[in-house]
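J.: This structure is in structure tokens; I'll ask about it shortly.
Protein chains in written order, with the working numbering: chain S, 3 to 337; chain Y, 150 to 457; chain B, 375 to 673.
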């Protein structure tokens with residue numbers, strides 16, 4: 003997969019920090035998150051549940067529910083302008099139009115009391131100011147693109163009449179109707195059957211070829227990342243711990259967490275030198291609550307390579323080779 | 150769709166039938182001879198002939214299993230019995246006053262809706278802010294305020310002091326005070342429930358999707374949030390309708406409004422049993438009818454239902 | 375007050391009985407609704423218990439004051455049409471109201487608990503018929519049920535309490551039934567059954583602790599409903615008999631004098647309102663604590 007990585011990033015997130023205030027106090031769901039997205043590439047954002055990947059994604063389109071959540075600081079640059087400073091109208095023009103998002107639960111992400119057709123055409127009508135008839139035609143085209151059988155009839159149906167896989171295709175169609183530059187996919191296949199999963203991912207890649215959309219793929223499934231992404235960003239407890247090209251990261255992880263994640267992938271050839279089956283490796287401990295105050299590296303409590311320095315000082319996010327960055331003091335010592 | 154409606158009506162009729170049977174046997178619930186209950190344990194004041202006459206009037210001289218059948222037969226013929234103390238047939242008495250009660254109920258509901266729904270909607274949208282807290286505080290005070298107390302003070306204020314509205318003139322203007330009283334109390338109940346329902350709708354995934362599509366907030370609210378919310382609101386009205394009707398009875402008393410509630414209360418004090426029976430019947434019928442209508446409106450509002 | 379408590383709102387309080395219980399209790403104390411409601415209720419109970427001991431006058435003695443006096447230093451709440459001190463009567467009324475509430479809730483709650491658990495276990499057509507009837511009665515206004523019952527038993531305070539208690543049974547039954555159904559289907563319940571726990575033990579040890587939190591909510595709200603219903607019944611002449619200083623009755627007795635002496639209705643009504651308010655706020659506060667507690671919504 004060759005993408006022109008010397009181009010300018012189409013989306014640039016810098017030092018993003020999002021806090022949530024609840025009755026337990028205030029806490030940062032993500033802190034100092036920075037990464038770039040280049041045109042036509044697929045960037046995967048990977049991490050366990052609760053690491054902040056969804057919050058990051060929602061922040062891009064400013065969909066964080068206030069007053070509980072707030073984007074406290076940071077910069078999100080799209081086409082040279084800071085999304086966080088957009089006025090409402092520009093924000094409306096951005097969403098669903100230049101940057102689109104699809105969500106994890108196709109079952110509940112569609113409005114049950116409106117027809118599929120309505121929910122699709124309204125995007126076109128609003129953003130492109132065309133007539134309903136034109137919108138309908140374009141919608142049918144798009145439905146064919148996402149391989150929905152009998153698109154015309156589908157328009158008149160309601161979401162509950164379709165299967166999960168079909169609904170997710172509808173969501174994809176909905177997101178791509180206005181030919182956005184960026185598609186954010188938040189765990190699009192997690193709620194689906196494995197077989198459907200493969201179909202949906204293939205579909206997304208196909209469409210990316212055709213339309214040239216850049217994709218941010220959020221997932222916790224490393225196998226999915228290996229199959230679909232160009233670059234990957236690894237998140238842990240609200241911070242980015244490693245970033246780089248997929249092949250590089252998978253072959254040469256430079257952060258203990260990434261290393262641990264990769265090691266805990268069950269493999270068919272899980273045999274040791276005596277050809278006996280090895281136990282699945284796991285990382286001890288659990289992800290800390292966002293409400294616990296932290297000093298030093300957030301991964302320190304669980305890290306096999308932890309030193310005293312790690313517990314006191316927060317490791318900076320630094321380059322270790324071409325396009326490969328990590329936040330770890332011990333990156334050289336990772337086997 | 151038609152299938153659903155027919156089934157629903159059938160269930161409703163069945164419930165009504167059971168209610169009728171229950172009503173006709175109501176007087177037997179209290180242990181002892183029903184006549185004693187009816188007489189209020191005063192006994193000895195009536196001559197045996199009078200007791201026999203009353204027994205016949207109440208249909209108590211028939212065997213137990215026949216009583217509901219006879220009652221049902223009479224109902225179908227439009228005969229709800231004869232009032233003991235007033236000479237008129239029960240049906241006539243009740244039906245002549247029914248429009249008054251219904252108009253009061255409808256008007257109160259109307260006032261409650263136009264005040265309560267926007268309140269609840271607004272509070273839900275601004276959930277967690279001071280607006281929400283103040284609105285809900287007002288609502289909870291409204292619920293805590295006894296309807297009859299509010300009614301009396303309204304009477305004082307608007308009729309006696311300000312003389313804006315007549316006390317019980319019988320013309321159309323006199324509906325306003327009782328409707329306002331009941332409407333305000335009920336609107337507090339509606340406001341709180343609307344708020345809960347709206348909060349649920351606002352946190353739905355499909356609202357997030359609608360926003361992610363770039364739709365302006367107004368379209369998100371009107372096109373995406375309103376219809377699902379209506380379903381919840383219709384449910385709320387169904388559930389609290391009984392509460393409204395209960396309030397009607399009280400308000401009729403406070404404002405001397407000539408509806409069936411007031412009649413029923415008088416009948417209770419007088420132990421005019423046939424009227425009480427007829428009242429329960431009509432009341433139950435109204436409630437059953439409303440619940441059928443509500444269920445039908447679900448089918449219309451929610452596409453998921455018809456395809457079950 | 376009939377609040378809609380549907381199945382979705384009844385979540386399990388705890389899969390096990392320990393640490394969460396304590397922390398929820400702590401949260402309860404910190405919650406402002408619980409505090410405010412709790413204070414009002416505490417005040418009410420104190421007046422109910424000690425009021426009659428410190429009340430300045432005799433609540434039933436006629437002509438203690440001039441009739442329909444507006445509030446003065448001697449008679450802070452004024453006097454009613456028969457020359458009785460309203461402050462005293464309100465204080466005695468608090469005790470009566472507390473009594474009414476306790477009796478009504480006891481009847482309603484215990485019956486509702488038994489019927490609800492029974493229905494939850496019964497299954498089959500018994501369960502269906504039972505719950506259908508309860509649902510139907512639920513849509514009937516509790517005031518009318520109470521009025522109807524009092525009509526049969528005869529107007530008196532005792533009968534009012536019983537009638538109001540009975541009118542609340544559908545309310546409690548539904549809640550208990552919901553919880554029973556939900557809990558019975560939980561894995562831990564089945565597991566306990568599988569290792570041979572007897573039915574009684576299951577009910578006492580597993581079911582009841584999970585019923586308690588929603589019951590507290592519903593109990594608090596039910597108390598306020600009972601107070602309102604009883605006051606309404608007395609107002610309509612079906613409840614307390616003179617000279618009992620029940621608040622609703624006081625309003626009924628003096629309603630004709632509202633033009634002459636508007637304040638005479640003020641304090642009894644306010645007493646009703648504040649008491650009901652206190653229980654409502656408390657009930658709501660606890661309910662809000664229980665519900666979103668278990669929904670991890672941060673979007």
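A virtual CB, placed ideally from N, CA and C, is assigned to each residue, including glycine.
So, is residue 159 of chain Y buried or exposed, given that buried needs 16 or more other C-beta atoms within 10 angstroms?
T.: Exposed, since its Cβ has fewer than 16 Cβ neighbours within 10 Å.
J.: What are the start and end residues of the alpha helix (DSSP H) that includes residue 594 of chain B?
T.: Counting along the chain, the alpha helix (DSSP H) containing residue 594 of chain B begins and ends at 582-609.
J.: Buried or exposed, going by whether 16 or more other CB atoms sit within 10 Å of the CB of residue 214 of chain Y?
T.: Looking at its Cβ environment, which holds fewer than 16 other Cβ atoms inside 10 Å, residue 214 of chain Y is exposed.
J.: What three-state label does DSSP hand residue 152 of chain S in the structure shown?
T.: In this structure, residue 152 of chain S counts as coil in the three-state DSSP scheme.
J.: Residue 602 of chain B versus chain Y: which residues are under 7 Å apart at the beta carbon?
T.: In chain order: 295.
J.: Answer yes or no: does any C-beta atom of chain Y fall closer than 9 Å to that of residue 90 of chain S?
T.: By this cut-off, residue 90 of chain S is an interface position.
J.: Between S:113, S:18, S:55, which has its C-alpha nearest residue 458 of chain Y's C-alpha?
T.: Residue 458 of chain Y lies beyond the residue range present for chain Y, which begins at 150 and ends at 457; the question has no answer from this structure.
J.: Taking residue 110 of chain S as the query, report the chain Y residues whose CB atoms sit under 8 Å from its CB, ordered along the chain.
T.: Simply 353, 354, 355.
J.: With DSSP as the reference, identify every bridge partner of residue 326 of chain S, one or two as the case may be.
T.: DSSP lists S:323 as partners of residue 326 of chain S.
J.: Taking only beta carbons into account, state which residues of the stretch 155-171 of chain Y come closer than 7 Å to chain B, listed in chain order.
T.: Cβ contacts with chain B come from 164.
J.: Between the Cα of residue 249 of chain S and those of S:134, S:230, S:237, spot the shortest distance and give me the residue it belongs to.
T.: Ranking the options by Cα distance to residue 249 of chain S, first place goes to S:230.
J.: Which whole-angstrom value describes the C-beta separation of residue 445 of chain Y and residue 157 of chain Y, a residue pair presumed to lie in contact below a C-beta threshold of 8 Å?
T.: About 6 Å; that satisfies the 8 Å criterion.
J.: Between the alpha carbons of residue 321 of chain S and residue 328 of chain S, how many angstroms are there, rounded?
T.: Using only the alpha carbons, I get a separation of about 6 Å.
J.: For residue 450 of chain B, which three-state DSSP category applies?
T.: It is coil, neither helix nor strand.
J.: With contact counted as at least three CB pairs below 8 Å, one residue from each stretch, are the stretch 138-155 of chain S and the stretch 56-76 of chain S in contact?
T.: Taking 8 Å as the limit for Cβ pairs, the verdict is that the stretch 56-76 of chain S does not touch the stretch 138-155 of chain S.
J.: Kindly provide the ranges of any alpha helix (DSSP H) runs that are 4 or more residues long and lie completely inside the stretch 285-352 of chain Y, ordered along the chain.
T.: List check, alpha helix (DSSP H) in window: 296-303, 325-351.
J.: Quickly, what does DSSP pair residue 526 of chain B with across the bridge? List them, please.
T.: Looking at the DSSP assignment, residue 526 of chain B forms no beta bridge with any residue, so it has no partner.
J.: Go ahead and label residue 572 of chain B buried or exposed: buried means 16 or more other beta carbons lie within 10 angstroms of its beta carbon, across all protein chains shown.
T.: It is exposed - the Cβ of residue 572 of chain B has fewer than 16 other Cβ atoms within 10 Å.
J.: Can you check whether the CB of residue 216 of chain S is closer than 9 Å to the CB of residue 338 of chain S?
T.: Residue 338 of chain S falls outside the range modelled here, since chain S spans only 3 to 337, and no answer is possible.
J.: Look at the Cβ atom of residue 186 of chain S, then the Cβ atom of residue 150 of chain S, and state whether they are nearer than 9 Å.
T.: No, Cβ-Cβ distance for residue 186 of chain S and residue 150 of chain S is not below 9 Å.
J.: From the DSSP output, in three-state form, read off residue 241 of chain S for me.
T.: Note: residue 241 of chain S maps to strand in three-state DSSP.
J.: Distance check for residue 595 of chain B and residue 410 of chain B, CA to CA, integer angstroms please.
T.: Looking at the two C-alpha atoms, the distance is approximately 15 Å.
J.: For chain Y, find out if any of its Cβ atoms is closer than 9 Å to the Cβ of residue 514 of chain B; answer yes or no.
T.: Cβ-Cβ to chain Y under 9 Å: yes for residue 514 of chain B.
J.: Look up residue 636 of chain B in the DSSP assignment and say whether it is helix, strand or coil.
T.: In the structure shown, residue 636 of chain B sits in a helix (DSSP, three-state: H, G or I).
J.: Kindly indicate the opening and closing residues of the alpha helix (DSSP H) around residue 464 of chain B.
T.: Run containing residue 464 of chain B: 460-496, per the alpha helix (DSSP H) assignment.
J.: Below 8 Å, how does it come out for the stretch 104-123 of chain S and the stretch 189-204 of chain S: are there three or more Cβ pairs, yes or no?
T.: A contact exists between the stretch 104-123 of chain S and the stretch 189-204 of chain S.
J.: Give me the Cβ distance between residue 632 of chain B and residue 639 of chain B, rounded to the nearest whole Å; I'm assuming they're in contact under 8 Å.
T.: Confirmed, Cβ separation roughly 6 Å.
J.: What residues in its chain sit with their C-beta under 7 Å from that of residue 19 of chain S, if we drop five residues either side in the sequence?
T.: Only 30, 32, 33, 34, 74, 75, 76 meet the Cβ criterion.
J.: Give me the Cα-Cα distance between residue 308 of chain Y and residue 645 of chain B, rounded to the nearest whole angstrom.
T.: Their Cα atoms are separated by approximately 25 Å.
J.: Which residues of chain A have a Cβ atom closer than 7 Å to the Cβ of residue 284 of chain Y, listed in chain order?
T.: You won't find chain A in this structure, because its protein chains are S, Y and B.
J.: When the Cβ atoms of the stretch 454-470 of chain B are set against those of the stretch 498-518 of chain B, are three or more pairs found closer than 8 Å?
T.: As far as the Cβ criterion goes, the stretch 454-470 of chain B does not touch the stretch 498-518 of chain B, which means the pair count is below three.
J.: Quick one: grab the DSSP three-state call for residue 28 of chain S.
T.: If DSSP states are grouped into helix, strand and coil, residue 28 of chain S belongs with the strands.
J.: For residue 159 of chain Y, which beta-bridge partners are listed by DSSP?
T.: Looking at the DSSP assignment, residue 159 of chain Y forms no beta bridge with any residue, so it has no partner.
J.: Might you give, ordered along the chain, the residues of its own chain that have their beta carbon closer than 8 Å to the beta carbon of residue 303 of chain Y, omitting 5 neighbours on each side?
T.: Cβ neighbours of residue 303 of chain Y beyond the five flanking positions: 326, 329, 330.
J.: Compute the beta-carbon to beta-carbon distance between residue 489 of chain B and residue 543 of chain B, rounded to the nearest angstrom, for a pair I have assumed lies under 8 Å.
T.: Correct: roughly 7 Å between the Cβ atoms.
J.: To the nearest angstrom, how far is the alpha carbon of residue 299 of chain Y from that of residue 549 of chain B?
T.: When rounded, the distance between both Cα atoms is 31 Å.
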